[in-house]
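Below: the structure, in C-alpha cells.
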Amino acid sequence: MGRYILRRLLINIPILIVITILVFVMIEITPGDMADYFMSEETIAYMTEADIIALRERLGLNDPPPIRYLKWMGNVLQGNFGFSFVEGYPVGELLWERLKNSGVLMGAGLLVAVILGIPLGVFTALKQYSLADFFLTGLSFIGLSMPAFISGIIGMYVFAVRLRWVPAGGMRTPMVNTFANLLHHLVLPASILAIMHGAQFMRYQRFSMLEVLNADYVVTATAKGMRRRIVVARHALRNALIPVVTMIGLTISQFVAGAVFIETIFGWPGMGRLYYRAVISRDYPIIMGANLVIAAFVLFANLITDITYALIDPRVRYE
Amino acid sequence: MTMKTSTETKQLTTYQDKKIESPLKLALRRFLQHRLAVVSAFVLVAIFVLCFGAPLFTSYDPIGMDLAVRNQAPGGAYIFGTDTLGRDIFTRTLYAGRISLMVGMAAAAISIGLGIILGAIAGYFGKIPDMVVSRITDVMMTFPPLIIMMTVAAFVGPGLMNVILIIGGLRWPATTRLVRGQFLSLKNYEFVHATHALGLPDRMIITRHILPNTLAPLMANITFAVSAAILSEAGLSFLGIGVPLPTPTWGNMMENARNLIILQNQPWIWMPSAAFTLTTILCINFIGDGLRDAFDPQQLFN
Numbered sequence: 004m005g006r007y008i009l010r011r012l013l014i015n016i017p018i019l020i021v022i023t024i025l026v027f028v029m030i031e032i033t034p035g036d037m038a039d040y041f042m043s044e045e046t047i048a049y050m051t052e053a054d055i056i057a058l059r060e061r062l063g064l065n066d067p068p069p070i071r072y073l074k075w076m077g078n079v080l081q082g083n084f085g086f087s088f089v090e091g092y093p094v095g096e097l098l099w100e101r102l103k104n105s106g107v108l109m110g111a112g113l114l115v116a117v118i119l120g121i122p123l124g125v126f127t128a129l130k131q132y133s134l135a136d137f138f139l140t141g142l143s144f145i146g147l148s149m150p151a152f153i154s155g156i157i158g159m160y161v162f163a164v165r166l167r168w169v170p171a172g173g174m175r176t177p178m179v180n181t182f183a184n185l186l187h188h189l190v191l192p193a194s195i196l197a198i199m200h201g202a203q204f205m206r207y208q209r210f211s212m213l214e215v216l217n218a219d220y221v222v223t224a225t226a227k228g229m230r231r232r233i234v235v236a237r238h239a240l241r242n243a244l245i246p247v248v249t250m251i252g253l254t255i256s257q258f259v260a261g262a263v264f265i266e267t268i269f270g271w272p273g274m275g276r277l278y279y280r281a282v283i284s285r286d287y288p289i290i291m292g293a294n295l296v297i298a299a300f301v302l303f304a305n306l307i308t309d310i311t312y313a314l315i316d317p318r319v320r321y322e
Numbered sequence: 002m003t004m005k006t007s008t009e010t011k012q013l014t015t016y017q018d019k020k021i022e023s024p025l026k027l028a029l030r031r032f033l034q035h036r037l038a039v040v041s042a043f044v045l046v047a048i049f050v051l052c053f054g055a056p057l058f059t060s061y062d063p064i065g066m067d068l069a070v071r072n073q074a075p076g077g078a079y080i081f082g083t084d085t086l087g088r089d090i091f092t093r094t095l096y097a098g099r100i101s102l103m104v105g106m107a108a109a110a111i112s113i114g115l116g117i118i119l120g121a122i123a124g125y126f127g128k129i130p131d132m133v134v135s136r137i138t139d140v141m142m143t144f145p146p147l148i149i150m151m152t153v154a155a156f157v158g159p160g161l162m163n164v165i166l167i168i169g170g171l172r173w174p175a176t177t178r179l180v181r182g183q184f185l186s187l188k189n190y191e192f193v194h195a196t197h198a199l200g201l202p203d204r205m206i207i208t209r210h211i212l213p214n215t216l217a218p219l220m221a222n223i224t225f226a227v228s229a230a231i232l233s234e235a236g237l238s239f240l241g242i243g244v245p246l247p248t249p250t251w252g253n254m255m256e257n258a259r260n261l262i263i264l265q266n267q268p269w270i271w272m273p274s275a276a277f278t279l280t281t282i283l284c285i286n287f288i289g290d291g292l293r294d295a296f297d298p299q300q301l302f303n
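Chains A and B supply the protein sequences, listed in that same order. Note that the first sequence ends on residue 322 in this note's numbering; no numbers are left out. Note that the second sequence ends on residue 303 in this note's numbering; no numbers are left out.
Below, the structure is given as C-alpha cells:
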C-alpha cells in the first residue's frame, strides 16, 4: 500500500507539469501580455519607447518563453506564485484566502448533501415503487437536471429578493465579523449546492442499495430469519455505501474549482469567482497559479478516494 | 413489479407465437411504455416547433430595439413584456431557442463524432493508440470541465462558432470511454473473428460490423450529450463568455438576472428563458432515461 501511494504521488508530478505547460502555452499564443495592463489609451501618451522597454524588462517579459516558464516554476517551488496587478495582491495570498472561503461554502454544501442524500437513498430503495419513492426519485431527477445558474437565480429571487429571509450576496456584512452573520450569508448558496449534490448522492445510493438488496447473501441472511433491520444495516448498507464513497470523493475533487456559478451569482469570494474574474480580465499570474492549485487538488483528492476505497472494501487491493 | 410481470408474460407469448420482433421495434415498443418519456418527446417537439417556426408565432424583430416601449411588464401587445431596450421578450425567447438548440446539437454532434472515432480506434487497435487516448481521457475527465471551457472560451474570445467548437471539442471523453469499452468486448466475439477470417479490412470491420452493435448503449449517451451541450452553452453565455450579444440565446438572456435591479424588478426578462431551458433539459433527460431502459438488454430477460 505504501509503495502504491508513493508511486501514485510520483506519477502525479509530470501530470501537473504538463497541465501548467499547457496553460502557459495557451497564454503565450493569445495576443497581449501582462504589460498591456499598464498601457491604456491615456498612459501610453506619456510613455516613451524606453519606458515600455524598461517596463517589459521589469516584468520579465523580455526572456524567451521557456525561460519564463522555468522562472515561474522556480518561484512556485519557493512558495512565490507572483503578483496580481488586477487584484492588487500576491497570488499565493489570494489563492489561500479564496480557497478557505470556497471550503466553507463547499464543505457546508457537501455535508448537508451527504446527510440528506444517503438516508433518502436508502429509504427510497427500501420502499421501492411506493408513493414516497416515486415522489422523491422524481424530485431528485429535477434536482439533477437543474443547472446551478438557474437554481441560483431562482433561489436568490425567491429567498433574498422577494421573501428577504437572507442577504442578496457576499460572505459577510462589512465590519460585522460574527459567526451568525456568516451563517446568514451561507445558508442559501450552501442549500442550493446541497440540493444539487444531495440529489445525485440519493440516486446513486438508491441504485447501489437496490442492487445489493437483490444479492444472494442478503437473501441468505433474510432466509436465516435475521431481523430486517439488521440485514439492512449490517449486511446491505455497508456494501451499498462503497460506490457512493467513490462518488463523494469525485465530487470533492471538483469542489476546489469552486462553484463558479453559485459564487458569481451570490458574490461569494471563493476560488470559482476568483478564477472567473481572472479569466475575464486576463489576469495571467492568477490563471497560472489557480490551475496549478486546482490540478494538484484534483489529483490529490482522487488519490485519497482510491485509498479510502481500498480501506473500506477489503476486496480491493492495490499492488 | 406488477408492470414487469405483465411485460414478461407478453414476451413469453410472443416467443411462443414465433413472432419475433426486430430489436428496433422491440425498443420502440418499450420506449412507448415509458409514459414520462413519451410526454417529454411531445413537449420537446412543441418547443422545437415554437423556436424554429418563430416567425409564425410572433411578428416582432428579435434584435431591433424600440426605446419607446422599454421595460414593459407582461400583458397587452407584449405577452412576456419587453427588455431594457424595448425588445419583445417572447420573440427573443423563441429566437434564442433556435440558437441554443442548434449550438447544443452541433456541439453534441462534434463531441459524439470525436468520441466514436477515438473510442473505436482505442478499443479496436489497443496498444499504443489505446494508451494515448485513455490517458488523455483520464486527465480530461478528472479536471473540472467548466474550468477548461471557461479558460479556452476566454482566450479564443466569444462567438457562435467558437462556442460550438469549444463545447464539442471538450465534451468527447465520456463518449470515448463508452465506445472504447464496447469495442473491447465486441472485438472478441465470433462474428468479428469471422470477419478477420474473411480478410475484411479494419475500416469495414469497425464501421460495418462492430459499430452498429454499439448503437443501443450509445442512444442514451447521445441524448445526454445534447442536454449537456445546451447547458454548457447556456452556462458560458450566462457568464458572458459564450455567444455574444445582440444574438439572443437562453444563456445570455438569463445573464440579465445577474443585474440585481433586473432580477428584482423585471423578472419577466429572465424567467421565460430559464423556464424554456429547464423544460428542454428535463424533456431530453427523460427521453434519455426512456431510451436507456428501452435498449437495456438486461431488462429484456429479467
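All residues carry an ideal CB built from backbone N, CA and C; glycine is no exception.
Within chain B, the residues that residue i reaches when beta carbons sit closer than 8 Å
| i | result |
| --- | --- |
| A:T267 | L240 and R259 |
| A:M29 | T152, V153 and F156 |
| A:I290 | T152 |
| A:Y278 | I148 and M151 |
Supposed close pair residue i, residue j - CB separation, criterion 8 Å
| i | j | result |
| --- | --- | --- |
| B:E256 | B:G241 | 6 Å |
| B:R31 | B:A221 | Contact flag wrong, Cβ pair sits at about 13 Å. |
| B:V193 | B:L187 | 6 Å |
| B:W269 | B:F81 | 6 Å |
| A:G270 | A:G158 | Not quite, the Cβ-Cβ distance comes to about 14 Å (not below 8 Å), so this is no contact. |
| A:Q208 | A:V247 | 5 Å |
Partners in chain A for residue i, counting only beta-carbon separations shorter than 8 Å
| i | result |
| --- | --- |
| B:T143 | S256, V301, L302 and N305 |
| B:L264 | I156, M159, Y160 and V164 |
Candidates the options, of which the one nearest residue i by Cα
| i | options | result |
| --- | --- | --- |
| B:G311 | B:C52, B:I223, B:Y79 and B:F53 | Summary: the structure shown does not reach residue 311 of chain B, with chain B confined to residues 2 through 303, and so no result is reported for it. |
| B:L25 | B:N260, B:G252 and B:P213 | B:P213 |
| B:T83 | B:W271, B:L292 and B:I231 | B:W271 |
| B:L283 | B:S23, B:V39 and B:N72 | B:V39 |
| A:R165 | B:A55, B:L45, B:L264 and B:R293 | B:L264 |
| B:A230 | B:L102, B:I90 and B:G98 | B:L102 |
| B:G114 | B:G252, B:H197 and B:P174 | B:P174 |
| A:I265 | A:I16, A:A193 and A:N78 | A:A193 |
| A:F88 | A:I297, A:L73, A:A281 and A:L113 | A:A281 |
| B:P75 | B:L51, B:I90 and B:P63 | B:I90 |
| A:F303 | A:V319, A:S256, A:L314 and A:I268 | A:S256 |
| A:F126 | A:L189, A:Y72 and A:F210 | A:F210 |
| B:R259 | A:Y220, A:F258, A:T267 and A:V179 | A:T267 |
Three-state secondary structure (DSSP) of residue i
| i | result |
| --- | --- |
| B:S60 | coil |
| A:S87 | strand |
| B:D290 | helix |
| A:L9 | helix |
| A:Y207 | helix |
| A:Y92 | strand |
| B:G76 | strand |
| B:D203 | helix |
| B:T83 | strand |
| A:N15 | helix |
| B:D89 | strand |
| A:I307 | helix |
| B:F184 | helix |
| B:M2 | Per-residue confidence for B:M2 stands at a pLDDT of 39, beneath the threshold of 50, marking its modelled position as unreliable; no derived number is given. |
| A:F138 | helix |
| B:W255 | Checking the sequence, you will find Met at residue 255 of chain B rather than Trp. B:M255: helix per DSSP, three-state reduction. |
Residue i: contacting residues in chain A (beta-carbon distance under 9 Å)
| i | result |
| --- | --- |
| B:A198 | Result: empty, since nearest Cβ-Cβ is about 38 Å, beyond 9 Å. |
| B:A235 | P150, F152 and I153 |
| B:M255 | F152, I153 and I156 |
| B:A275 | F152, I153, I156 and I157 |
| B:L292 | Residues of chain A passing the Cβ test: none, with the nearest at roughly 15 Å. |
Proximal residues of chain B, C-beta to C-beta of residue i below 7 Å
| i | result |
| --- | --- |
| A:S148 | I282, L283 and N286 |
| A:I8 | None at all; the shortest Cβ gap to chain B is about 18 Å. |
| A:A298 | F144 |
| A:T33 | F156 |
| A:V282 | M151, T152 and A155 |
Residue i: CB within 7 Å of a non-hydrogen atom of the ligand MG
| i | result |
| --- | --- |
| B:T281 | Annotation note on the ligand MG: not contained in the displayed structure, which lists no ligands. |
Contacts that residue i makes with chain A (C-beta to C-beta distance below 7 Å)
| i | result |
| --- | --- |
| B:P268 | Y160 |
Neighbour list for residue i in chain B, Cβ cutoff strictly below 9 Å
| i | result |
| --- | --- |
| A:V263 | P145, L147, I148, M151, G236 and L240 |
| A:I145 | L279 and L283 |
message: By the 7 Å beta-carbon criterion, what residues does the region 159–170 of chain A contribute toward chain B?
response: Residues passing the 7 Å Cβ filter: M159, Y160 and V164.
task: Could you list the residues in the region 154–165 of chain B with a C-beta less than 7 Å from some C-beta on chain A, going in chain order?
output: If the cut-off is 7 Å between Cβ atoms, the region 154–165 of chain B has A155 and F156 near chain A.
task: Using a Cβ-Cβ cut-off of less than 7 Å, list which residues of the region 100–117 of chain B approach chain A; keep chain order.
output: none
Contact set between the region 16–27 of chain A and chain B, restricted to residues whose Cβ is under 9 Å from the partner: I18, V21, I22 and V26
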